[in-house]
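Notes for the one structure printed next.
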Amino acid sequence: MSKKKKIILAVVIIVAIAAVSVGFFLKGKLGKSSGGGDAAYVESVQSLVNGSNGGGQNRYMGVVESQDTWDVNLTSDQTVKEIFVSVGDEVQEGTPLFEYKTDDLSLQIAQAKLELETIANQITDYNNQIKTLTAEKNTASKDEQFNYTVQIQSLQTSIKQSEFEQQSKKLEIQKMEDTMSQSTVSSKINGIVKSINENESTDEHGNQQPFMSILTVGDYRVKGTVNETNVHSLSEGQSVILRSRVDETKTWTGTIEKIDTENKQANNNNMLYDGSNSDNQSSKYPFYVKLDSADGLMLGQHLYVELDEGQMDEKEGIWLYSGYIVQDEDTPYVWADNGKGKLEKRTVELGEYDEGMELYEITSGLELTDYIAWPVSGFRIGLKTTTNVDEGMVEEYPDDDMLYEDMDEGMMEEGFREDLSSDGETDAHSMDEDADAGMVDESDMQPVVDGDSGADTGSADTPAAE
Numbered sequence: 001m002s003k004k005k006k007i008i009l010a011v012v013i014i015v016a017i018a019a020v021s022v023g024f025f026l027k028g029k030l031g032k033s034s035g036g037g038d039a040a041y042v043e044s045v046q047s048l049v050n051g052s053n054g055g056g057q058n059r060y061m062g063v064v065e066s067q068d069t070w071d072v073n074l075t076s077d078q079t080v081k082e083i084f085v086s087v088g089d090e091v092q093e094g095t096p097l098f099e100y101k102t103d104d105l106s107l108q109i110a111q112a113k114l115e116l117e118t119i120a121n122q123i124t125d126y127n128n129q130i131k132t133l134t135a136e137k138n139t140a141s142k143d144e145q146f147n148y149t150v151q152i153q154s155l156q157t158s159i160k161q162s163e164f165e166q167q168s169k170k171l172e173i174q175k176m177e178d179t180m181s182q183s184t185v186s187s188k189i190n191g192i193v194k195s196i197n198e199n200e201s202t203d204e205h206g207n208q209q210p211f212m213s214i215l216t217v218g219d220y221r222v223k224g225t226v227n228e229t230n231v232h233s234l235s236e237g238q239s240v241i242l243r244s245r246v247d248e249t250k251t252w253t254g255t256i257e258k259i260d261t262e263n264k265q266a267n268n269n270n271m272l273y274d275g276s277n278s279d280n281q282s283s284k285y286p287f288y289v290k291l292d293s294a295d296g297l298m299l300g301q302h303l304y305v306e307l308d309e310g311q312m313d314e315k316e317g318i319w320l321y322s323g324y325i326v327q328d329e330d331t332p333y334v335w336a337d338n339g340k341g342k343l344e345k346r347t348v349e350l351g352e353y354d355e356g357m358e359l360y361e362i363t364s365g366l367e368l369t370d371y372i373a374w375p376v377s378g379f380r381i382g383l384k385t386t387t388n389v390d391e392g393m394v395e396e397y398p399d400d401d402m403l404y405e406d407m408d409e410g411m412m413e414e415g416f417r418e419d420l421s422s423d424g425e426t427d428a429h430s431m432d433e434d435a436d437a438g439m440v441d442e443s444d445m446q447p448v449v450d451g452d453s454g455a456d457t458g459s460a461d462t463p464a465a466e
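What follows is the structure in C-alpha cells.
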C-alpha cells in the first residue's frame, strides 16, 4: 500500500472515531434514548396533587371471603352417589347438596339383622339349657349338684355376653338405617359452595381436605397474601385501605387482624402488586383484614390492599412528591414550563414534610395551573417541553455489557473467574437469597440531579446517562 493511501485511510479512521465520540457525548448530554425524545415531559400540578404522585405504597392482592365456613367430611365407609351443586352455587339452609350410595348399606343392614336373629336364638337356647339343668339339679345328689351349679353359671355368663352383642348389633342397625334415611345431605347454612373435593385431595401439609365447604353469607373479611420479603412490614392492628380493581375510587377500610406465618401458601402467582417486586421462590403467607364496613362488596371480589399512611386524607394547598424537587443547597427548585413551552428552574419554598407519604408542602413558587417535569439528567434551561409522554426525555443507565467493560481486569480475575472455577455447583438457594437482598422498591428510587449544573451530569454514586 502506498504512503498516500495509508495517510487517507488514517484520516478516515480518525474522522469516524471522532463522529462516534461526538454522538455519544451529545446523547449523554441530551439524555435521549431509543425510547425517549428531545423534549421535557411535563404534567400539570393539578393532576399531581389529585393523587397521582403518592409515595409508592406497597399493594397486595386480596379477595373477599366469608368469616365462617361449614365443612362436610366423609367417613371411610361412605361413598358419594350424586352431587347436586357446583362450586360457586348459592345455597339456602335445607338445600340438597349430595347423596350417598346406599346399595351396599342395604345389604349390610340385611346381614346385620340376620346376625341379630342368630344372637336372639342363641340366648333362647341358653335359657332352655338352664331350665333343663336346674330341673336335673333338683333331683341330683349333693355331690352332683355342684357340677350343675357350675354349668348353669357358665350359661348365664354366655347369656350376658350375647345380650351385649345383641344390643351392639341393634345400635349398628339403627345407625345404618339412619344413614339410609339421611342419604341426601342438605346444607345447614345459607352460603355459597366454596369447594368440592371429589378426588379426595390433601392440603400442602398432607391433611385430608373436606369433601365440601360452604361459605356463610353475611360476615365478610378480606384475605391477602404477602411474601416473606415484605411480611415484616405488616403488623396486626395496622389500618389498611382496600381498593376496587375495577374502579380505584371505590375504597373500603379495615384493620389487619391476623398474619398467619404458620401456614405457607402455594406459590402460584405474585400477590404483591405494586411497590416492590416479589421473588417467585420466596414463601408467601396469608393475612386477614377485618372490614369496617362490607357495603358494596361481593363474596369472591378481588381487591388491592395497601397500608393506610394518610393517602386518603385531603390536604389543603399544594403538596408535591419529593422526587420532583431538586435540593440545590438552600434553594430548592423544580423543573417547570415557563408558560412559553420552554423549561426553566422554578424556585419553590417548602413548608411541612409528610414523611409517610414523602410529600412536601409548597408554600410559594407553584400554582395548580403550572406544569412541571420529573428531573432527568440532561435537562437544561430553555429545553422544549411537551405533554406527550412519548416525546419526553428518559433517564438512561449503562447496560450490563458497558458495566463489565469498565470493570478492572483484576476484579474480573479475582472475583468472577474464582466463582466460575469452583468445584461445587452453584447454590440455587443462595442465588435466590441474593436476588431478594437486591430487590428495591421502585418508588424509593430518587432522581439524582446536580444542583449547580442543572442535572446535566451524573455523580460517582449514580449511573450516568449514556
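Anchor point for the sequence shown: position 415 equals 415 in full-length UniProt numbering, and the numbering is continuous, going up by one each time. C-beta: ideal position from N, C-alpha, C; glycine also.
Run the CB neighbour count on residue i, radius 10 Å, all protein chains shown included, and call it buried at 16 or more, exposed below.
{"i": "K345", "result": "buried"}
{"i": "E82", "result": "exposed"}
{"i": "L171", "result": "exposed"}
{"i": "R245", "result": "exposed"}
{"i": "V326", "result": "buried"}
{"i": "A110", "result": "exposed"}
{"i": "N230", "result": "buried"}
{"i": "S201", "result": "exposed"}
{"i": "I381", "result": "exposed"}
{"i": "Y324", "result": "buried"}
{"i": "G254", "result": "buried"}
{"i": "D337", "result": "buried"}
{"i": "E177", "result": "exposed"}
{"i": "F146", "result": "exposed"}
{"i": "E144", "result": "exposed"}
Quick test of your reading: residue i and residue j, contact by CB under 8 angstroms. State the CB separation rounded to the nearest angstrom.
{"i": "V87", "j": "L297", "result": "Not really, about 20 angstroms apart at Cβ, beyond 8 angstroms."}
{"i": "residue 467", "j": "M61", "result": "No statement about residue 467 is possible, as the shown extent of the chain runs from 1 to 466 and does not include it."}
{"i": "F211", "j": "N73", "result": "6 angstroms"}
{"i": "V289", "j": "E257", "result": "7 angstroms"}
{"i": "S187", "j": "E228", "result": "With a Cβ gap of about 38 angstroms, S187 and E228 do not count as contacting."}
{"i": "I214", "j": "I189", "result": "6 angstroms"}
{"i": "K137", "j": "Y126", "result": "K137 to Y126, Cβ: 16 angstroms. No contact."}
{"i": "Q129", "j": "L155", "result": "5 angstroms"}
{"i": "T347", "j": "Y360", "result": "That belief does not hold up - the Cβ atoms of T347 and Y360 are roughly 14 angstroms apart, past 8 angstroms."}
Which of helix, strand or coil does DSSP assign to residue i?
{"i": "E316", "result": "coil"}
{"i": "V85", "result": "coil"}
{"i": "Q327", "result": "coil"}
{"i": "V240", "result": "strand"}
{"i": "N127", "result": "helix"}
{"i": "A336", "result": "strand"}
{"i": "V394", "result": "coil"}
{"i": "S76", "result": "coil"}
{"i": "M61", "result": "strand"}
{"i": "M180", "result": "helix"}
{"i": "F287", "result": "strand"}
Apart from the five residues just before and just after residue i, which ones in its own chain have a Cβ nearer than 8 angstroms to its Cβ?
{"i": "V45", "result": "I318, L320, L366, E367, L368, T369, D370, Y371 and I372"}
{"i": "E117", "result": "none"}
{"i": "L30", "result": "Low confidence applies to L30: its pLDDT is 39, below 50, so where it sits in the model is not reliable enough to give any reading."}
{"i": "A140", "result": "Y148"}
{"i": "K250", "result": "R243, S244 and G296"}
Using C-beta distances below 6 angstroms, list every residue in its chain close to residue i, excluding the 5 sequence neighbours before and after it, in chain order.
{"i": "E165", "result": "I119"}
{"i": "K194", "result": "S213 and L215"}
{"i": "Q78", "result": "Y100"}
{"i": "V305", "result": "Y60, G62, G224, V240 and L242"}
{"i": "S364", "result": "E349"}
{"i": "D68", "result": "T216"}
Between the options, which lies nearest to residue i when the distance is taken from Cα to Cα?
{"i": "V80", "options": "R221, V185 and L299", "result": "V185"}
{"i": "S168", "options": "K113, I196 and V193", "result": "K113"}
{"i": "Q92", "options": "L307, I362, G191 and D330", "result": "G191"}
{"i": "Q301", "options": "L242, P96 and D38", "result": "L242"}
{"i": "T385", "options": "L350, K342, Q78 and T149", "result": "K342"}
{"i": "S66", "options": "D354, T75, V217 and Q161", "result": "V217"}
{"i": "L107", "options": "Q145, N147, Q209 and M180", "result": "M180"}
{"i": "G356", "options": "R59, L307, S162 and N197", "result": "L307"}
{"i": "V376", "options": "Q208, R59 and W335", "result": "W335"}
{"i": "H232", "options": "P286, T249, N207 and G310", "result": "P286"}
{"i": "G339", "options": "V49, T387, E262 and S158", "result": "T387"}
{"i": "D219", "options": "V226, D295 and E163", "result": "D295"}
{"i": "S162", "options": "I123, D143, S183 and K131", "result": "I123"}
{"i": "T261", "options": "E248, L234 and D247", "result": "L234"}
{"i": "D71", "options": "N197, S47, Q182 and T102", "result": "N197"}
{"i": "V226", "options": "F84, I259 and T102", "result": "I259"}
{"i": "L105", "options": "D247, E309 and Q182", "result": "Q182"}
{"i": "G351", "options": "E316, K264 and N199", "result": "E316"}
Looking only at its own chain, which residues have a Cβ that is under 7 angstroms from the Cβ of residue i, when we skip the five neighbours before and after it?
{"i": "S293", "result": "W252"}
{"i": "V389", "result": "Y41"}
{"i": "L133", "result": "Y148, Q151 and I152"}
Is residue i near the ligand MG, with its Cβ less than 6 angstroms from a heavy atom?
{"i": "S244", "result": "Because no ligand of any kind appears in the structure shown, any question about the ligand MG cannot be addressed here."}
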